[in-house]
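Colleague:
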Amino acid sequence: MDAGHRSLGPALVLQRQAIRLALEQAEVLYAFPNERAAPVYQRAGYRHAGDAVRHARVVHYGRYLARHLPRALAAVAGAALSLVDGPHLRWSARGLYATWSDRAIDEMDALWQGSARGDGLLTVRDTAYLRWRFDRNPLVRTRYLLLRDRAGRLRAWFACRREEDAGILTVQDFWSDDAIAGLSQPRAAALLRAAREADATVVWVELAGMLPRAGWRAAGFRERSRRPVFMHATAIDGDALAARFHLTGGDEDE
1 MDAGHRSLGP ALVLQRQAIR LALEQAEVLY AFPNERAAPV YQRAGYRHAG DAVRHARVVH
61 YGRYLARHLP RALAAVAGAA LSLVDGPHLR WSARGLYATW SDRAIDEMDA LWQGSARGDG
121 LLTVRDTAYL RWRFDRNPLV RTRYLLLRDR AGRLRAWFAC RREEDAGILT VQDFWSDDAI
181 AGLSQPRAAA LLRAAREADA TVVWVELAGM LPRAGWRAAG FRERSRRPVF MHATAIDGDA
241 LAARFHLTGG DEDE
């Protein structure tokens, strides 16, 4: 953009035009603006609907502590923590069995259709969406962690991206049979157990909106950062919308 147009006026004109065109096709718009762009979105008619909160949970303590402590001390402390955490995760996730898939599978449709979805705003998480959003993405490789019960029924899936250098397993999106009530602690623990077995160091997930997070917290996830979510709606009251949406990292453009 030309330096002479890097000011509030041109940015506001551009944003209002974008809103006008977008509202010809949709009733609700959302955005994740950075701190500098937020005033432009507000002036254009967007409202702060909530925050996208990034949570993290360590699964390989020795490797993580080695970044902050002397190597010998990190090894001892990490071994002690892992001695407790490993059995805890296995016990918490008992009855759930994890496998990995390189692509979305048809069972995900049955899970989506058979689960409660509430009356809020959320993405249709069926295989058509997953194949478009993740499987055909040439920029990022996604693998799906599939959780099944003893009868072999799919209970949850997590679309994951691995950053090998940093040892980070990022949950880009997820759904489960209990998602609308809040992912349960056993399902979160099964995710962590699988990440640990896959030799990840830490698991990240970003959540915004209405779904309860008690299960994530009970499994040990802790807030690390947050950023605002802005929304613009024509047919839905803004205050009501702020309490009735669910977004993950998968709902943001690459």
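Per this note's numbering, the sequence shown starts with residue 1, numbered consecutively. Beta carbons: idealized from backbone N, C-alpha and C, even for Gly.
Would you tell me roughly how many angstroms separate the C-alpha atoms of W91 and F158, rounded to the nearest one?
Modeller: Translated into positions along the sequence shown, residue 91 becomes position 91. Translated into positions along the sequence shown, residue 158 becomes position 158. Roughly 20 Å separates the two Cα atoms.
Colleague: Tell me P228's beta-bridge partners as DSSP assigns them.
Modeller: The residue given as residue 228 occupies position 228 in the sequence shown. BP columns for P228 point to D51.
Colleague: For T201 versus Y64, is the C-beta spacing smaller than 8 Å?
Modeller: Start at 1 with the first residue of the sequence shown, and residue 201 comes out as number 201. Start at 1 with the first residue of the sequence shown, and residue 64 comes out as number 64. Yes, these two residues count as a Cβ contact at 8 Å.
Colleague: Smallest Cα separation from D106: which of T99, L121, D126 and L89?
Modeller: Working through the sequence shown from its first residue, we reach residue 106 at position 106. The candidate whose alpha carbon is nearest that of D106 is D126.
Colleague: Pop quiz: G45 and H232 are said to be a contact at Cβ under 8 Å. What is the actual Cβ separation, rounded to whole angstroms?
Modeller: The sequence position of residue 45 within the sequence shown is 45, counting from 1. The sequence position of residue 232 within the sequence shown is 232, counting from 1. Right, the Cβ-Cβ distance comes to about 5 Å (below 8 Å), so this counts as a contact.
Colleague: Roughly how many angstroms separate the alpha carbons of V203 and R71, rounded to a whole number?
Modeller: What you label residue 203 is simply residue 203 of the sequence shown in a count that begins at 1. What you label residue 71 is simply residue 71 of the sequence shown in a count that begins at 1. Their backbone Cα atoms lie some 22 Å apart in a straight line.
Colleague: Can you find the residues in the same chain that come closer than 7 Å, C-beta to C-beta, to M1, ignoring five residues on each side of it along the sequence?
Modeller: Counting from one through the sequence shown, the residue named residue 1 turns up at place 1. Unreliable placement is indicated for M1, whose pLDDT of 47 sits below 50; no coordinate value is reported for it.
Colleague: Do P212 and A93 have their CB atoms nearer than 8 Å?
Modeller: One-based indexing of the sequence shown puts residue 212 at position 212. One-based indexing of the sequence shown puts residue 93 at position 93. Result no, Cβ atoms of P212 and A93 do not sit closer than 8 Å.
Colleague: Which full runs of the beta strand (DSSP E) of 3+ residues lie inside the stretch 16-90, going along the chain?
Modeller: Counting only runs of 3 or more, we get 28-31 and 47-58.
Colleague: From what residue to what residue does the beta strand (DSSP E) around L192 run?
Modeller: Walking along the sequence shown from the start, residue 192 turns up at place 192. L192 -> not in any beta strand (DSSP E); alpha helix (DSSP H) instead, spanning Q185 to E197.
Colleague: Which of the three DSSP states, helix, strand or coil, is assigned to R136?
Modeller: Within the sequence shown, residue 136 is the residue found at index 136, counting from 1. Correct three-state label for R136: coil.
Colleague: Cβ of Q172 within 8 Å of Cβ of T123?
Modeller: Mapped onto the sequence shown, residue 172 falls at position 172. Mapped onto the sequence shown, residue 123 falls at position 123. Going by C-beta atoms, Q172 is not nearer than 8 Å to T123.
Colleague: Rounding to the nearest angstrom, what Cα-Cα distance links W216 and L183 in this structure?
Modeller: Translated into the one-based positions of the sequence shown, residue 216 becomes position 216. Translated into the one-based positions of the sequence shown, residue 183 becomes position 183. If you take the alpha carbons of W216 and L183, they lie about 7 Å apart.
Colleague: CA-CA distance, H5 and G167?
Modeller: Here residue 5 refers to the residue found at position 5 of the sequence shown. Here residue 167 refers to the residue found at position 167 of the sequence shown. Here the model assigns H5 a pLDDT of 48, short of 50, so the residue's position is not dependable and the matter cannot be decided.
Colleague: What is the DSSP secondary structure of I180, counted as helix, strand or coil?
Modeller: Your numbering for residue 180 matches position 180 in the sequence shown. If DSSP states are grouped into helix, strand and coil, I180 belongs with the helices.
Colleague: With the cut-off set at 8 Å, would you say Y144 and A208 are in Cβ contact?
Modeller: Numbered from its first residue, the sequence shown carries residue 144 at position 144. Numbered from its first residue, the sequence shown carries residue 208 at position 208. Not in contact: Y144 and A208 (Cβ atoms no closer than 8 Å).
Colleague: L227 to A52, Cα distance in whole Å?
Modeller: Along the sequence shown, read from residue 1 onward, the residue named residue 227 stands at position 227. Along the sequence shown, read from residue 1 onward, the residue named residue 52 stands at position 52. Just to set this straight, residue 227 is Arg in the shown sequence, not Leu. Roughly 5 Å between the two C-alpha positions.
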